[in-house]
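The opening position of the sequence shown corresponds to residue 615 in the numbering used here, with each subsequent residue numbered one higher. Heads up, the beta-carbon is just placed ideally off N, CA and C, and yes, glycines get one too. Structure, as structure tokens:
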Amino acid sequence: MTSIAIKDLLDAGVHFGHQTERWNPKMKPYIFGARNGIYILDLRKTATLFGEAEAFVHNLAAEGKTVLFVGTKRQAQDLVVEEARRCGMYFVNQRWLGGLLTNFVTIQRSIARLRDLEAMEEDGRYDNFSKKEIARKEKEKRKLHKNLDGIRHMSKLPDAVFVVDTRKEKIAVDEARKLKIPVIGIVDTNSNPGDVDFLIPGNDDALRSIRLFLSRIADAAINGRGLHDASKGSPDAAGGSTKKEVAPPQTPPPSAPPSEAPPASA
615 MTSIAIKDLL DAGVHFGHQT ERWNPKMKPY IFGARNGIYI LDLRKTATLF
665 GEAEAFVHNL AAEGKTVLFV GTKRQAQDLV VEEARRCGMY FVNQRWLGGL
715 LTNFVTIQRS IARLRDLEAM EEDGRYDNFS KKEIARKEKE KRKLHKNLDG
765 IRHMSKLPDA VFVVDTRKEK IAVDEARKLK IPVIGIVDTN SNPGDVDFLI
815 PGNDDALRSI RLFLSRIADA AINGRGLHDA SKGSPDAAGG STKKEVAPPQ
865 TPPPSAPPSE APPASA
């Protein structure tokens, strides 16, 4: 894998943090300075730490393991779907359902219910219901599909979670940590770097920044999956970045004011 270029990080606006009055002092080691009331992240540290996160995802995929992509903020939703599908991983881009990880058995029941509702329409069972009952089931199906589509084939807990905004996705991060599932996260200057196992200091609001990190992580997964498939003798083993969507691996169903002075401006 090629190391991420500082120029690419600059062009994507990864270095722009939040306003200086909105910061988490624990992010101080990753901040270069402040300009015009905005924190500027140290991109050399971002590049190094991102390389570690990228290598981790690559190695996971090379072992046939899975990553759950999480990004429910507006500017991340479409990108999360696009990149997760491209690399054959799972995703959550709508509301995080409480207990999605810690109460996975219940979530599996909801997924089974979604499949049953979809089957009803195809196997003729709808013919036994009134129009009102059908409308109610269709409404239920749409809601379940919206919230569960990205994990409908996830028959076991993921091996890692990649989070676009660790502050916004705090519940997801907490559930993963409780289960000792490694968390990879884009952490802005207002977030807690201690919440993640693989820290990516960066702008978690800008579309270009989110796109850059998501696409690189997806590429790492694709490259790793290629090695895994090759070791299994798969005729589809390709390796390398591609825009082709890969099917997810399937297994049988079963802010307060700062308390210390900010770093000096550059």
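Where residue i sits in the DSSP three-state scheme
i, result
"Pro883", "The first residue shown for the chain is 615 and the last is 880, placing residue 883 beyond what the model contains."
"Ala844", "helix"
"Ile620", "helix"
"Phe743", "coil"
"Gly799", "strand"
"Val719", "helix"
"Leu828", "helix"
"Arg729", "helix"
"Ala749", "helix"
"Arg766", "coil"
"Val681", "strand"
"Arg649", "strand"
Local Cβ density within 10 Å of residue i, reported as buried at 16 or more and exposed below that
i, result
"Phe743", "exposed"
"Pro849", "Confidence is the limiting factor: at Pro849 the pLDDT is only 49, short of 50, which leaves the residue's position unreliable, though a coordinate-based value still follows. It is exposed - the Cβ of Pro849 has fewer than 16 other Cβ atoms within 10 Å."
"Leu624", "exposed"
"Ser845", "exposed"
Bridge-paired residues (DSSP) for residue i
i, result
"Val787", "Looking at the DSSP assignment, Val787 forms no beta bridge with any residue, so it has no partner."
"Phe630", "Ile654"
"Ala813", "Looking at the sequence itself, residue 813 is Leu, so the reference to Ala does not match. The partner list for Leu813 (beta bridge, DSSP) reads Gly799."
Close beta carbons around residue i, own chain, < 8 Å, minus the five adjacent residues each side
i, result
"Ala669", "Met615, Ala834"
"Val777", "Val684, Gly685, Glu783, Ala786, Val787, Val797, Ile798, Gly799, Ile800, Val810"
"Ile620", "Leu657, Arg658, Ala661"
Own chain partners of residue i with C-beta closer than 6 Å, once the 5 adjacent residues on each side are dropped
i, result
"Gln691", "Asn707"
"Ile618", "Ala661, Phe664"
"Ala626", "Arg822, Ser823, Leu826"
"Asp773", "Leu674, Lys679, Thr680"
Residues near residue i in its chain [Cβ-Cβ closer than 7 Å; skip 5 each side]
i, result
"Phe646", "Ile654, Leu655, Asp656, Ala880"
"Lys659", "Tyr644, Pro815"
"Glu666", "Phe812"
Test: residue i CB closer than 8 Å to a CB of chain D
i, result
"Phe705", "Within the model displayed, chain D is absent; a lone protein chain is all it includes."
Any non-hydrogen atom of the ligand HEM closer than 7 Å to residue i Cβ
i, result
"Thr680", "Here there are no bound small molecules, and the ligand HEM is not part of this structure."
### Task
Mind listing, in chain order, the continuous alpha helix (DSSP H) runs of no fewer than 4 residues lying wholly within the segment 684-713?
Runs found: 688-700.
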